[in-house]
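Start counting the sequence shown at 3; every next residue gets the next number (my numbering).
Using N, Cα and C, we set each Cβ at its ideal position, and we do this for glycine too.
From a predicted model like this one, the values you see are computed outputs, not experimental measurements.
Everything on this sheet refers to the single structure shown next.
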Amino acid sequence: MTNSLVPPAGPQRVLALAQLSNSVGDGAFYVTSALYFTYVVGLDPARVGLGLTVAWAVGSLAGVPLGRLADRRGARGTAVLLALATGLSVASFLVVRGFWPFVAAAVVYATAQSGLAAARQALLAGLVSAEERTGLLAHLQSTLNAGLAVGAGLGGLALHVGSRGAYLGVFAFDAVSFLLCAGVLSRLPSVAPVAVNRSAGASVTVLRDRPYVVVAALNAVLLLRMPLLSLGLPLWVAERTAAPEWVVSVLFVLNTVAVMLFQVRVARGVTGILSAVGVLRRSGWVMGAACGVFAVSGPAGSAWVAVGVLVVGAVLLVVGEMGQSAGAWQLSFDLAPGDRVGEYQGFFGTGVTVARTAGPLVLTVLLVEWGPWGWGCWGRRPWGRRMRWGRRRGGLRRGGRRSWCRLLDRCPGLGRRGCAHRRAGPGRAGVRSPALAGCRCAHPCRPSGTTARSYVGLAARSATATRVRRRPSGTTARSYGGFAAQRRYEQCPRQ
C-alpha cells in the first residue's frame, strides 16, 4: 500500500515531494478562502464569485502561452518562477482591501497556477520516459489527495478558531508552501529547451489540432465530476433525498481515500493510446451507472436506504474517476508532439477551469431543477465514439495534414517493444500504417524539428531511389522535406 503514495527514488520522488509541499497549503486555502474574503476582507459573496470567475477565465487563456514558454525556455526554470509567482500572489491576499485589488491578485494567482501546471507536465515529460508517465501521474494524484486532506484538516482548525489571525496564518502557510515547492523543483535536473522550428507550419497553434481539441473538450465534460462532490451531491442530498446532510462528508472522505489507495493500481494497465481509450470508454459506462444509482436515491423513502444507495453511487463514481484520470493523462501526452508538450498540456489543463466554471450552473440546473431526469441526461454524455475518433485521427493526423506511411519496408525500431509499425510487403507501397501513432521509435539520424512518427513514415527506406526525388501524392511541402534525410538514413551505422 505504501507504493501507492511513494514513487521510485530520483526525479519521480522529487516531483511527488513538490506536489505534496504545496497541496497541503492548497487544502487549507480552499477550505478557508471564501470566508476570508467575505468576513476578513469584507467583500460581498457575489463579488467574490465574480472576481474568481474572471481570474480563472484569464488563467485558462494564459495556460497555453506559458506552456509554450516552458517548452522554449526550459521547463524547470519556468516551473520554479511560476511557483514563486503563485506564492507571492497568495501572500498579496494578506494585504488586499477592496474589490479591484482582489481581482488583480486573483488574476495573477490563477495565471500562475495554470502556467505552473503546464510547466510541471512539460518537466515531467522531459525527465520521465513515456512508459512511466501515467504511473507517475497516478502517484502524484494520490499524493495530491493526501496533501489536500491534511491541509483541509488544518483549515478546519482555523475555521474552528474563527479569528482574523487564524485566517491570516492559513494564507501565510499556503504562500510559504509554494516557496517550498519552488525550492524542491529547483533540485530537479534541468530539461533542455526545445529548439524553435521556423519551417512552414511550425507556428500552427494547438487549436488547429482538431483531434487533440476534441479529446480535450470531451475530457472537460468528464471533469464535471469535480464540482459534483463539492456542489452537485450536497444540493441533491439536501433538496431531493431523505438522507441526512452529514452523508456528504462521508462520500467526500470515501472518494479521497479511494483515490489515495487505488489510483496507482488502476493506472498500471494504461500503457498506450489503445489502452487509454479502452479505459476511458469503460469509465464512461461506470460513471453513467453511478448517475443512475444517484437518481434512484431520490425516490428512496427511508433515510438509511438513501444513504446506502448514495454510497454505492459514490463507489461507482470514484472507480470511473480513477479510470478517466489515467486514460486522460495517457492521451494528453501521447497525442501531443514531443517538442510542444508544455503548450499542449497548457491547453489540456483548461478543461479543469472549464469544469469548475461551468460545472456549478450545469449541475444546479440538471440535478436540482430536473431531478432524476437530470441525472439521466448527465449520465448519457455521448463521448465514447468521439474519443475513439480523436484517437484514430490523432494517430493519423498532425496539424491538419495526413501522415502517410509510404514505401515502408523497415522501421528503425521494428521488433522493439512499443514499436507497432508493420512492414510494407510487395504491392503495398503507399498504404497508410494503422498503428503509426503507437510507434515510439527514436532514430539517431532523425532531423531536428520532426517527430519520430513523421520521420519514420517519411524517411523510411524506399523501394526505388527515384521515388525520393518526387513529391508523393498525399504529402505536404513541409512533410516532403523529411525525404531530404534519406541519404543520412541509408548511411546510418545502425542499419
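Within a Cβ cutoff of 7 Å, which residues of the same chain sit near residue i, ignoring the five residues on either side of it in sequence?
i, result
"Gly429", "At Gly429 the pLDDT is 34, less than 50, meaning the model places this residue with poor confidence; the figure from the coordinates comes in the next sentence. For Gly429, where only same-chain residues beyond five positions count, there are no Cβ hits under 7 Å."
"Met324", "Val261, Phe264, Gln265 and Val268"
"Ser23", "Ser179, Leu182, Cys183 and Val186"
"Glu133", "Thr273"
"Ser277", "Gly271"
"Ala292", "Gly315, Leu318, Leu319 and Gly322"
"Pro362", "Pro229 and Leu233"
"Ala308", "Thr243, Ala244, Ala245, Ser299 and Ala302"
Just how far apart, CA to CA, sit residue i and residue j?
i, j, result
"Gly234", "Asn221", "19 Å"
"Arg469", "Gly348", "Low local confidence applies: a pLDDT of 35 at Arg469 is under 50, so the model's placement there is unreliable, with the coordinate-based value given in what follows. If I take the Cα positions, the gap works out to 40 Å."
"Asn257", "Phe264", "11 Å"
"Ser285", "Val60", "31 Å"
"Arg283", "Trp58", "29 Å"
"Gly164", "Val92", "20 Å"
"Val50", "Gly27", "21 Å"
"Arg99", "Leu318", "44 Å"
"Tyr41", "Pro246", "28 Å"
"Gly402", "Val130", "Residue placement at Gly402 cannot be trusted, given a pLDDT of 35 that sits under 50; what the coordinates show is reported in the next sentence. Distance between the alpha carbons of Gly402 and Val130 is about 29 Å."
"Trp306", "Met289", "23 Å"
"Pro236", "Ser304", "18 Å"
"Glu371", "Glu241", "10 Å"
"Asp46", "Val110", "21 Å"
"Ser188", "Pro374", "50 Å"
"Val223", "Ser62", "16 Å"
"Val8", "Trp287", "31 Å"
"Ala357", "Val364", "9 Å"
"Val279", "Asn147", "25 Å"
"Val255", "Ala11", "29 Å"
"Gly294", "Ala302", "13 Å"
"Gln332", "Leu156", "33 Å"
"Thr80", "Ser35", "27 Å"
"Leu83", "Leu52", "28 Å"
"Ala48", "Phe101", "11 Å"
"Pro103", "Thr88", "16 Å"
"Val105", "Gln326", "33 Å"
"Gly310", "Pro67", "47 Å"
"His162", "Arg122", "35 Å"
Return yes when the Cβ of residue j is within less than 8 Å of the Cβ of residue i, no when it is not.
i, j, result
"Ser25", "Gly149", "yes"
"Gly117", "Gly65", "yes"
"Gly167", "Val33", "no"
"Ala174", "Leu96", "yes"
"Leu230", "Leu312", "no"
"Arg78", "Leu125", "yes"
"Gly353", "Val281", "no"
"Val259", "Val249", "no"
"Val16", "Leu142", "no"
"Thr55", "Thr359", "yes"
"Tyr346", "Val216", "no"
"Asp211", "Phe31", "no"
"Ala72", "Gly344", "yes"
"Ser151", "Gly29", "The sequence shown places Ala at residue 151, rather than the Ser named in the question. Going by C-beta atoms, Ala151 is nearer than 8 Å to Gly29."
Can you tell me the Cβ-Cβ gap for residue i and residue j, rounded? I've got them flagged as a contact below 8 Å.
i, j, result
"Leu86", "Leu181", "7 Å"
"Gly69", "Ala120", "3 Å"
"Val172", "Ala160", "5 Å"
"Ser94", "Ala107", "4 Å"
"Tyr38", "Tyr214", "Not quite, the Cβ-Cβ distance comes to about 38 Å (not below 8 Å), so this is no contact."
"Ser299", "Thr355", "That pair is no contact at about 30 Å."
"Thr136", "Gln21", "At roughly 15 Å, the Cβ-Cβ gap does not stay under 8 Å, so Thr136 and Gln21 are not in contact."
"Ile275", "Asp336", "5 Å"
Less than 6 Å between C-beta atoms, sequence neighbours within five positions excluded: which residues of the same chain meet that for residue i?
i, result
"Phe296", "Gly315 and Trp377"
"Arg227", "Glu323"
"Phe350", "Ala218 and Ser334"
"Leu19", "Val186"
"Leu369", "Gly234, Trp238 and Gly376"
"Pro13", "Leu129 and Leu190"
Does the beta carbon of residue i sit closer than 8 Å to a beta carbon anywhere in chain D?
i, result
"Ser116", "As a matter of chain content, chain D is missing from the structure shown, which is built from one protein chain."
By Cβ distance below 8 Å, which residues in the same chain neighbour residue i in space, the five residues on each side in sequence not counted?
i, result
"Val193", "Gly76, Ala77, Arg78, Ala124, Leu125, Gly128 and Leu129"
Entirely enclosed alpha helix (DSSP H) segments - the segment 220-298, minimum 4 residues: 235-242 and 249-269
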